[in-house]
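Novice:
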Amino acid sequence: MDVGHCYLDGNTDAVEFCPHNSYRNVLAAATYTLQEGDRPSRSGSISLFDVDAETRRLDLFHRVDTAGIFDIKWNPVGGNVSPLLAQADADGYLRIHSLGSYSDGAEELALREINGEKISSSLCLCLDWNPSATSISVGLSDGSVSIISLVESQFQVQEEWKAHDFELWATSFDIHHPHLVYTGSDDCKFSGWDLRDDPSKLAFQNTKVHKMGVCCIAKSPSDPNTILTGSYDENLRVWDVRSVTRPVVENSICLGGGVWRIKHHPFVPGLVLAACMHNGFAVVKIKGDEAEVIETYTKHESLAYGADWHKEEAAHNHKQSTLVATCSFYDRLLRIWMPESGGKKDSKANLEGRSCKDSGRCWPILVYVYRRQELLYCYGTCSFGVFTNFDSGFSYSTNLQIK
């Protein structure tokens, strides 16, 4: 179901919903436009939108001009850190913007750059935060990857090395093992690096599976053994990384277009949103070694580049679902829509009165439980913890994330 759309000022290539509480209505959209002529330049912008899932409104409230942007990402939620938006741009800069209200008496939010440094003479193509939001990995057009530490809003280059032969389009920290960084490149190689060594040690490098360049890498937030890659060869691949020195492809599915971006659903394990370049967008369900496309969205008329899930749910046809933001490049189009088939919770259990190991007697009123292998995802009124007396067929303790 379509919710709203907007045409931006430049070629749109990235969209990111803010994951932080009280700011989840904020959507950032980035552009990259090549200005041709005697002195060609690459210009860009970041636009902020207020997305109201209930009234289905999409309102632009802030815009900042920048160099041409290849990638943006909000910092992960954790601690007392305010929302920060990182930007990788064509001038070789890594920039950090803080989201807040900065004028006296003003309630409207805006971005304010708190740091920006030229980290390379090459183009900054992609970036990723580590889980604690203390470091950022940046992929460069010369095939290098740079690890930047963020200390009191100041950058420190922790390490930089030549990781690939051609443009490095994908970099990702391992959510469950943040000392590992994954990279992918136009050289068709998918690599893993161990940051505990100095210099960083190559943990593995697969040179045979991808038939064309690697565009994106996404570690599963729910399964520590699974990572996804997308490639120009139109395949989304599911990898088993239990053996970090020799990852194994469990499955691959052809999506009919180069898989430029992959986003895991914030609530539903195994549900993935993919931007498929010449073939629009796809919602893919991954379960074990099986993967299937359960919905496609083809209302964009140009290269499908940016995609993200809203971090909250909305009601649709008496069911709970999740909004999606997608953008396409040359037509400069941003769309907000709601999947008909995906983004809904599956099973629930009433766990009133169960105890939470880290928070004592938490007494959640109602908790929804999602099962995938040995992980439970619960949503209720409690802090992070571990259920030790869960008695619905599971006799062991299991990691529990409560939101």
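Numbering-wise (full-length UniProt numbering), the sequence shown opens with residue 1 and increments by one. The C-beta atom is built at its ideal place from N, Cα and C for all residues, glycine as well. As the structure is a computational prediction, the values presented were derived from the model and not from experiment.
Report the residue ranges of all alpha helix (DSSP H) runs contained in full by the stretch 90 to 115; include only those spanning at least 4 residues, in chain order.
Specialist: Listed in chain order, nothing qualifies, since the stretch 90 to 115 has no complete alpha helix (DSSP H) run of 4 or more residues.
Novice: Thinking C-alpha only, which one of Leu-94, Ser-191, Asp-142, Gly-184 is nearest Gln-154?
Specialist: The candidate whose alpha carbon is nearest that of Gln-154 is Leu-94.
Novice: In this structure, does DSSP put Phe-190 in helix, strand or coil?
Specialist: Three-state result, Phe-190: strand.
Novice: Only counting the same chain, and skipping five residues up and downstream in sequence, which positions put a Cβ closer than 6 Å to that of Ala-304?
Specialist: The answer, listed in chain order, is Ala-275, Cys-276, Met-277, Gly-280, Phe-281, Ser-328.
Novice: In angstroms, rounded to a whole number, what distance separates the CA positions of Asn-225 and Asp-289?
Specialist: The straight-line gap from Cα to Cα measures roughly 12 Å.
Novice: So Cys-216 is in the beta strand (DSSP E); what residue range does that whole segment cover?
Specialist: Segment 214 to 219, the beta strand (DSSP E) holding Cys-216.
Novice: Among His-164, Glu-152, Pro-131, whose alpha-carbon lies nearest the alpha-carbon of Ser-146?
Specialist: The residue with the shortest Cα to Cα distance from Ser-146 is His-164.
Novice: Between the Cα of Lys-73 and the Cα atoms of Lys-263, Ser-243, Glu-292, which residue gives the shortest distance?
Specialist: If we check each option's Cα against that of Lys-73, Lys-263 comes out closest.
Novice: Run through DSSP, which three-state label would Cys-378 get?
Specialist: Per-residue confidence for Cys-378 stands at a pLDDT of 36, beneath the threshold of 50, marking its modelled position as unreliable; no derived number is given.
Novice: Within the chosen definition, does the stretch 210 to 221 reach the stretch 183 to 197 through at least 3 CB pairs nearer than 8 Å?
Specialist: Taking 8 Å as the limit for Cβ pairs, the verdict is that the stretch 183 to 197 does touch the stretch 210 to 221.
Novice: Over the uninterrupted beta strand (DSSP E) stretch that includes Val-283, give me the two end residues.
Specialist: Unbroken beta strand (DSSP E) run through Val-283: 281 to 287.
Novice: So what does Gly-4 bridge to, in DSSP terms?
Specialist: Per DSSP, Ile-336.
Novice: Hey, out of Lys-162, Leu-273, Asp-128, whose CA is closest to Pro-339's CA?
Specialist: Ranking the options by Cα distance to Pro-339, first place goes to Leu-273.
Novice: Going by DSSP, what residue range makes up the beta strand (DSSP E) through Thr-33?
Specialist: Taken as a continuous stretch (DSSP letters only), the beta strand (DSSP E) holding Thr-33 covers 26 to 35.
Novice: Here's the rule: buried if 16 or more other CB atoms are within 10 angstroms of the residue's CB, otherwise exposed. What is Asn-317?
Specialist: At Asn-317 the pLDDT is 49, less than 50, meaning the model places this residue with poor confidence; the figure from the coordinates comes in the next sentence. With fewer than 16 other Cβ atoms within 10 Å, it is exposed.
Novice: What is the DSSP secondary structure of residue 411, reduced to helix, strand or coil?
Specialist: The requested residue 411 does not occur in the structure, where the chain is confined to residues 1 to 403.
Novice: Look up Tyr-182 in the DSSP assignment and say whether it is helix, strand or coil.
Specialist: Three-state result, Tyr-182: strand.
Novice: Is the stretch 192 to 203 in contact with the stretch 167 to 180, if contact means three or more CB pairs nearer than 8 Å?
Specialist: Verdict: yes, contact present.
Novice: Cys-378 to Lys-219, Cα distance in whole Å?
Specialist: At Cys-378 the pLDDT is 36, less than 50, meaning the model places this residue with poor confidence; the figure from the coordinates comes in the next sentence. Cα-Cα distance, rounded: 20 Å.
Novice: From Ser-137 to Tyr-102, what distance separates their C-alpha atoms?
Specialist: Taking the straight line from one Cα to the other gives about 29 Å.
Novice: In the DSSP assignment, the beta strand (DSSP E) including Gly-78 goes from what residue to what residue?
Specialist: It is not in any beta strand (DSSP E) - Gly-78 carries neither H nor E in the DSSP assignment.
Novice: Exposed or buried, which one is Tyr-32 when buried takes at least 16 other CB atoms within 10 Å?
Specialist: Under this definition Tyr-32 is a buried residue.
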